[in-house]
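Numbering (this note's numbering), first residue to last: 27 to 285.
Positions of the beta carbon are idealized from the N, C-alpha and C atoms, including for glycine.
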Ligand code: OAD
């Protein structure tokens, strides 16, 4: 971290200390909005980093849209299966752990909103993390099941992708693809959390994907102090009150321990 980063970190700690002492503002005082960089130090690749980002090597049109999935479901299924295995092998890094431990010490103070489809925030202890882009470990039918009652996802016949022997439907990953709606009520809940916070940390996101990216501006307009933690410039830098050009696992433990 640079000397400027260290000053910003000290200021953020000071604001957090004040928020924790203020009984009227304590509940939900800290909000974290995270993206793929949050899990990078757990070995899960990001999407847009220059050398390692998934969208530098694969086409989102093929792998993150309904049309792409219908064109080539076998390859897309296998690609997600490999990512699922990567998530299951990964463990929370020091950044996730710092957030989980903070939440245990200060129940009700921290809300986590993530664009990540892994479960590392939850495994670190932030069990009520709001996932804007779904859950890669969950499956759902590609089409709404026409039967009543609907066929169970768990009964799908193994395959690439698994399919239903009753109605022929195929499984797909439970993530939000381009052009799809976010889970019902998720954005409204996220907007409420950032608006109510005294401090919003924007950790490990490029800010390229909307509507999630709008949370930073919304937080600031609602009066939160917005801190971006990211080793690179992001599309949200103009929305921030503070910037720390370092990684989640390096900064979050220093920011959150000692309270
Ligand atoms: P991106 O890949 O767009 O951005 C990752 C950000 O993390 C970049 O700004 C990096 O500089 C930063 N970064 C990398 N390593 C880091 C570290 N160790 N600590 C902190 N930051 C680090 O990922 P997202 O912004 O999450 O959609 O992408 C948004 C959405 O686009 C994703 O949710 C995904 C994708 O298409 C779905 O899965 C639906």
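In this model, residue 109 and residue 223 are separated by some 33 angstroms (Cα to Cα). DSSP, reduced to helix, strand and coil, places residue 198 within a strand of the structure shown. Assignment of residue 88 by DSSP, reduced to helix, strand and coil, places it in the helix class. The closest heavy atom of the ligand OAD lies 7 angstroms or more from the beta carbon of residue 216.
The beta carbon of residue 43 is closer than 8 angstroms to those of 285 in its chain, skipping five residues each way along the sequence. The beta carbon of residue 267 sits closer than 8 angstroms to the beta carbons of 246, 251, 252, 253 from its chain, once the five residues preceding and following it are set aside; these are given in chain order. Each residue's CA atom was taken as its position, placing residue 204 and residue 229 some 22 angstroms apart. Residue 214 sits exposed, since fewer than 16 C-beta atoms from the chains shown fall within 10 Å of its C-beta. Going by C-alpha positions, residue 244 is about 15 angstroms away from residue 56. Rounded to whole angstroms, the separation of the alpha carbons of residue 210 and residue 279 is 33 angstroms. Of the other Cβ atoms in all chains shown, 16 or more fall within 10 Å of the Cβ of residue 145; this residue is therefore buried. Within the same chain, 143, 199, 200, 201, 202, 209 come within 8 angstroms of residue 160 by CB-CB distance, once the 5 residues on both sides are set aside. Looking only at 238, 67, 40, the smallest Cα-Cα distance to residue 112 is reached by 67.
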